[in-house]
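Trainee: Please see the structure below; I have some questions.
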Amino acid sequence: MIMQNKNIIIGMTGGIAAYKTAELVRGLCNLKAKVRVIMTKNSEEFITPLTMQTLSGEPVYTELFKTHFRKNLEHIALSRFADAVVVAPASANFIAKLTHGLADDLLSAVCLATTAPIAVVPAMNKEMWQAAITQENIAALKKRNIFVFGPASGEQACGEVGFGRMIEPQEILKLIPKMFESQLFYGKKIVITAGPTRENIDPVRYISNYSSSKMGYALAEAALEAGAYVVLISGPTNLDCSTKIKHINIHTAEEMHKAVMQEISACDVFISAAAVSDYRPANSSSQKTKKGTERISIELKRNPDILSAVTSLKRKIFVVGFAAETKNLVANAKEKLINKKLNMIIANKVGSGLGLGFDSDDNEVVILHKNGKSVKFPKMRKNKLARELIKTIRSAMLS
Ligand SMILES: Cc1cc2nc3c(=O)[nH]c(=O)nc-3n(C[C@H](O)[C@H](O)[C@H](O)COP(=O)(O)O)c2cc1C
Numbered sequence: 049m050i051m052q053n054k055n056i057i058i059g060m061t062g063g064i065a066a067y068k069t070a071e072l073v074r075g076l077c078n079l080k081a082k083v084r085v086i087m088t089k090n091s092e093e094f095i096t097p098l099t100m101q102t103l104s105g106e107p108v109y110t111e112l113f114k115t116h117f118r119k120n121l122e123h124i125a126l127s128r129f130a131d132a133v134v135v136a137p138a139s140a141n142f143i144a145k146l147t148h149g150l151a152d153d154l155l156s157a158v159c160l161a162t163t164a165p166i167a168v169v170p171a172m173n174k175e176m177w178q179a180a181i182t183q184e185n186i187a188a189l190k191k192r193n194i195f196v197f198g199p200a201s202g203e204q205a206c207g208e209v210g211f212g213r214m215i216e217p218q219e220i221l222k223l224i225p226k227m228f229e230s231q232l233f234y235g236k237k238i239v240i241t242a243g244p245t246r247e248n249i250d251p252v253r254y255i256s257n258y259s260s261s262k263m264g265y266a267l268a269e270a271a272l273e274a275g276a277y278v279v280l281i282s283g284p285t286n287l288d289c290s291t292k293i294k295h296i297n298i299h300t301a302e303e304m305h306k307a308v309m310q311e312i313s314a315c316d317v318f319i320s321a322a323a324v325s326d327y328r329p330a331n332s333s334s335q336k337t338k339k340g341t342e343r344i345s346i347e348l349k350r351n352p353d354i355l356s357a358v359t360s361l362k363r364k365i366f367v368v369g370f371a372a373e374t375k376n377l378v379a380n381a382k383e384k385l386i387n388k389k390l391n392m393i394i395a396n397k398v399g400s401g402l403g404l405g406f407d408s409d410d411n412e413v414v415i416l417h418k419n420g421k422s423v424k425f426p427k428m429r430k431n432k433l434a435r436e437l438i439k440t441i442r443s444a445m446l447s
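Reminder that position 143 of the sequence shown reads as 191 in the numbering used here, one-by-one numbering, no gaps.
Shown next as structure tokens:
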């Protein structure tokens, strides 16, 4: 689950183990990750880009210099696309280049330009691995928090036996999720609400909204990666979440209110990403309403205010709200931050044609802090944004 929709760049360099990377790419695709492969010129001596293209279902990138059809330069676009970069096999030559910040081909340029975590999976002859310079380079990479997976010991392509073999694709697949984990929220409980609520008019009709739940689900996964115990209270959606998340399904705002109040004990952070209906029909009919007169009206009454219920609890919890607005974004969000006594509010514009907010994979937000500080986050994918928000929440809690 943790790999679903993650954007992974697989870098391949010139080593015999390149054939094993085919299985790695296939494994990642089976886990529903989005994989793009970058090959060095020398890796093409060992396996063809066509094989990797067929397995990843994406064009394979090999050139730093080529005609650009897009405004974005390829190495910058790829470095922004990546949630993680895994170089497998990583040759001794590539490890040396990465250590010293060289950027003379597409793969090394992407590694230099990305802010995503990088892993190298060394594969080389045992003497190359044991060479003092390789060991110094590996130590320097580890110091820079670059992951080093392996190598393993065993028979090598050259016929010798020793350390330097690339670890098996199945082992790499188990290690990649570790690149996303942090201990930022270790031992903390985070309760997150997500999605729309449905307020019944009668047994077959309801009032709801366009919330897709994507932001709340992305936050739940990011909180899990940060080591938290996560409870996700969700309105109707067809999204899945990791089995490590406690998932509670609700339909109405009243059910969401009840579930939040049951889960709020021992909670450290409450994030309200759900689009909760402010009103519900005052009298929900137990039978389907029949077609009759030209006009009918539905009387609405206020739903419980979940955010205010949490902020008025005696035990202080770090409370984060969302403000989805069609106009006066910052002013409206500020008012909500103050009125509801929140620690932080995440303001995002919604409305048709924006390609942002409700039902979109992207979001562009402004974070307003209780102390008056505000930070704008540019348009990015919701799962990337979720990781940034989780980091921001942690630093705000510690400041
Ligand atoms: C048949 C053959 C196999 C090789 N296998 C490896 C290897 O497993 N690991 C390694 O570090 N270099 C290996 N090399 C050497 C690299 O291909 C060479 O250092 C090359 O410059 C790496 O280029 P790249 O890092 O840009 O892909 C091999 C070379 C040949 C001819």
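C-beta: ideal position from N, C-alpha, C; glycine also.
Measuring only the C-alpha atoms, how far is Pro352 from Val324?
Mentor: As a first step, residue 352 must be located in the sequence shown, where it is residue number 304. As a first step, residue 324 must be located in the sequence shown, where it is residue number 276. Pro352 and Val324: Cα-Cα distance of roughly 10 angstroms.
Trainee: Am I right that Val169 and Ile194 are in contact with their C-beta atoms under 8 angstroms? What's the rounded C-beta distance?
Mentor: In the sequence shown, counting from the first residue as 1, residue 169 sits at position 121. In the sequence shown, counting from the first residue as 1, residue 194 sits at position 146. Actually they are not in contact, since the Cβ atoms of Val169 and Ile194 sit about 11 angstroms apart, beyond 8 angstroms.
Trainee: Taking a contact to mean a Cβ-Cβ separation below 8 angstroms, would you say Ser261 touches Thr245 in this structure?
Mentor: Along the sequence shown, one-based indexing puts residue 261 at 213. Along the sequence shown, one-based indexing puts residue 245 at 197. Contact flag unset, no.
Trainee: List in chain order: all unbroken beta strand (DSSP E) runs of 3+ residues lying wholly within the stretch 126-175.
Mentor: With a minimum length of 3 residues, the continuous beta strand (DSSP E) runs that stay inside the stretch 126-175 are 132-138, 166-170.
Trainee: Which whole-angstrom value describes the C-beta separation of Ala266 and Asn431, a residue pair presumed to lie in contact below a C-beta threshold of 8 angstroms?
Mentor: Translated into positions along the sequence shown, residue 266 becomes position 218. Translated into positions along the sequence shown, residue 431 becomes position 383. At roughly 4 angstroms, the Cβ-Cβ gap stays under 8 angstroms, so Ala266 and Asn431 are in contact.
Trainee: Look up Gly75 in the DSSP assignment and say whether it is helix, strand or coil.
Mentor: If you number the sequence shown from 1, residue 75 lands on position 27. Of the three classes helix, strand and coil, the one that applies to Gly75 here is helix, per DSSP.
Trainee: Can you tell me where the alpha helix (DSSP H) with Glu383 in it begins and where it stops?
Mentor: Against the sequence shown, residue 383 aligns to sequence position 335. According to the DSSP assignment, Glu383 belongs to the alpha helix (DSSP H) that extends over 377-387.
Trainee: Please indicate yes or no: does the CB of Ile61 lie closer than 7 angstroms to some heavy atom of ligand 1?
Mentor: If you number the sequence shown from 1, residue 61 lands on position 13. According to the sequence shown, residue 61 is Thr rather than Ile. Checking every heavy atom of ligand 1 against the Cβ of Thr61, one is found closer than 7 angstroms.
Trainee: If we count Cβ pairs, one from each stretch, closer than 8 angstroms, do we get three or more for the stretch 213-225 versus the stretch 289-298?
Mentor: They do not touch, by the three-pair rule.
Trainee: Taking Cβ positions, are Ile95 and Ile57 nearer each other than 8 angstroms?
Mentor: Residue mapping note: residue 95 aligns to position 47 of the sequence shown, counting from 1. Residue mapping note: residue 57 aligns to position 9 of the sequence shown, counting from 1. Going by C-beta atoms, Ile95 is not nearer than 8 angstroms to Ile57.
Trainee: For the beta strand (DSSP E) containing Ile344, name the first residue and the last one.
Mentor: Locating residue 344 in the sequence shown gives position 296, counting from the first residue. For Ile344, no beta strand (DSSP E) run applies, since DSSP gives it neither H nor E.
Trainee: Where does Leu416 sit, in a helix, a strand or coil, going by DSSP?
Mentor: As a first step, residue 416 must be located in the sequence shown, where it is residue number 368. Of the three classes helix, strand and coil, the one that applies to Leu416 here is strand, per DSSP.
Trainee: When every heavy atom of ligand 1 is checked, does at least one fall within less than 7 angstroms of the C-beta of Asn90?
Mentor: Taking the first residue of the sequence shown as position 1, residue 90 is located at position 42. Answer for Asn90: yes, Cβ within range of ligand 1.
Trainee: Could you check the C-alpha separation between Met100 and Arg74 for me, to the nearest Å?
Mentor: By one-based count along the sequence shown, residue 100 stands at place 52. By one-based count along the sequence shown, residue 74 stands at place 26. Those two C-alpha atoms are separated by around 9 angstroms.
Trainee: Between Ile240 and Ala271, is the Cβ-Cβ spacing less than 8 angstroms?
Mentor: As a first step, residue 240 is located in the sequence shown; it is residue number 192 there, counting from the start. As a first step, residue 271 is located in the sequence shown; it is residue number 223 there, counting from the start. Contact: yes.
Trainee: Evaluate Gln29 with the Cβ neighbour count: other Cβ atoms within 10 Å of its Cβ, from every protein chain shown; 16 or more gives buried, anything less gives exposed.
Mentor: Residue 29 lies beyond the residue range present for the chain, which begins at 49 and ends at 447; the question has no answer from this structure.
Trainee: Could you tell me the alpha carbon to alpha carbon distance between Val368 and Gln310, rounded to whole angstroms?
Mentor: For the purposes of this step, residue 368 is identified with residue 320 of the sequence shown, where counting begins at 1. For the purposes of this step, residue 310 is identified with residue 262 of the sequence shown, where counting begins at 1. So the two alpha carbons sit approximately 18 angstroms from each other.
Trainee: State the Cα-Cα distance for the pair Leu98 and Pro107, rounded to the nearest angstrom.
Mentor: The residue labelled residue 98 in the question sits at position 50 within the sequence shown. The residue labelled residue 107 in the question sits at position 59 within the sequence shown. Looking at the two C-alpha atoms, the distance is approximately 9 angstroms.
Trainee: Secondary structure at Lys236, three-state DSSP: helix, strand or coil?
Mentor: Walking along the sequence shown from the start, residue 236 turns up at place 188. Lys236 falls in the coil class under three-state DSSP.
Trainee: Considering only the beta carbon of each residue, do Leu437 and Ala381 sit closer than 8 angstroms?
Mentor: Looking up residue 437 in the sequence shown gives position 389. Looking up residue 381 in the sequence shown gives position 333. Cβ atoms of Leu437 and Ala381: not closer than 8 angstroms.
Trainee: Going straight from the alpha carbon of Asn396 to that of Glu203, what length do you get?
Mentor: By 1-based counting over the sequence shown, the position of residue 396 is 348. By 1-based counting over the sequence shown, the position of residue 203 is 155. Approximately 56 angstroms between the Cα atoms of the pair.
Trainee: Roughly how many angstroms lie between the CA atoms of Met172 and Thr162, to the nearest whole one?
Mentor: In the sequence shown, the residue the question calls residue 172 occupies position 124. In the sequence shown, the residue the question calls residue 162 occupies position 114. A straight-line Cα-Cα distance of about 25 angstroms links Met172 and Thr162.
Trainee: Tell me whether Ile64 counts as near ligand 1, meaning its Cβ is closer than 7 angstroms to at least one heavy atom of that ligand.
Mentor: Within the sequence shown, residue 64 is the residue found at index 16, counting from 1. Yes, ligand 1 has a heavy atom inside 7 angstroms of this Cβ.
Trainee: At a cut-off of 7 angstroms, is Ser141 close to ligand 1 when judged by its beta-carbon and the heavy atoms of the ligand?
Mentor: Working through the sequence shown from its first residue, we reach residue 141 at position 93. The sequence given here has Asn at residue 141, not Ser. In this structure, Asn141 has its beta carbon less than 7 angstroms from a heavy atom of ligand 1.
Trainee: Using the DSSP secondary-structure output, state which residues sit across from Ser422 in a beta bridge.
Mentor: Taking the sequence shown and counting its residues from 1, the one referred to as residue 422 is at position 374. In DSSP, Ser422 forms a bridge with Leu416.
Trainee: Who are Asn297's beta bridge partners in DSSP?
Mentor: Taking the sequence shown and counting its residues from 1, the one referred to as residue 297 is at position 249. Looking at the DSSP assignment, Asn297 forms a beta bridge with Ser282.
Trainee: Check whether the stretch 324-340 and the stretch 356-364 touch, using three or more Cβ-Cβ pairs below 8 angstroms as the test.
Mentor: Not touching, per the Cβ criterion.
Trainee: With a cut-off of 8 angstroms on the beta carbons, I'd call Ala444 and Asn391 a contact; round off their distance for me.
Mentor: Taking the first residue of the sequence shown as 1, we reach residue 444 at position 396. Taking the first residue of the sequence shown as 1, we reach residue 391 at position 343. Between Ala444 and Asn391 a beta carbon distance of about 7 angstroms is seen, short of the 8 angstroms cut, so the two are scored as contacting.
Trainee: Just mark Gly105 as buried or exposed, buried being the case when its beta carbon has 16 or more other beta carbons within 10 Å.
Mentor: Working through the sequence shown from its first residue, we reach residue 105 at position 57. It is exposed - the Cβ of Gly105 has fewer than 16 other Cβ atoms within 10 Å.
Trainee: For Ala164 and Ile224, which I take to be in contact (beta-carbon distance under 8 angstroms), what is that distance rounded to the nearest angstrom?
Mentor: Position 116 of the sequence shown holds residue 164. Position 176 of the sequence shown holds residue 224. No, Ala164 and Ile224 are not in contact; Cβ-Cβ is about 12 angstroms, not under 8 angstroms.
Trainee: Decide if Arg435 is buried, meaning its Cβ has at least 16 other Cβ atoms within 10 Å, or exposed.
Mentor: Numbered from 1 along the sequence shown, position 387 holds the residue referred to as residue 435. Counting Cβ neighbours within 10 Å, Arg435 comes out buried, since at least 16 surround it.
Trainee: Let me make sure I understand the geometry here. Which of Ile393, Lys237, Phe113 has the alpha-carbon closest to that of Ser313?
Mentor: The count along the sequence shown starts at 1 and reaches residue 313 at position 265. Residue Lys237 is the option with its Cα nearest to Ser313.
Trainee: In whole angstroms, give me the CA-to-CA distance for Met428 and Met263.
Mentor: One-based indexing of the sequence shown puts residue 428 at position 380. One-based indexing of the sequence shown puts residue 263 at position 215. Between Met428 and Met263, the C-alpha separation is close to 12 angstroms.
Trainee: What are the complete beta strand (DSSP E) segments, minimum 3 residues, inside the stretch 215-281?
Mentor: 237-242, 247-250, 253-255
Trainee: Let me check understanding here. Comparing Cα to Cα, which of Lys68, Glu175, Val83 lies closest to Gln52?
Mentor: For the purposes of this step, residue 52 is taken as the residue at position 4 of the sequence shown. Ranking Lys68, Glu175, Val83 by Cα distance to Gln52 puts Val83 first.
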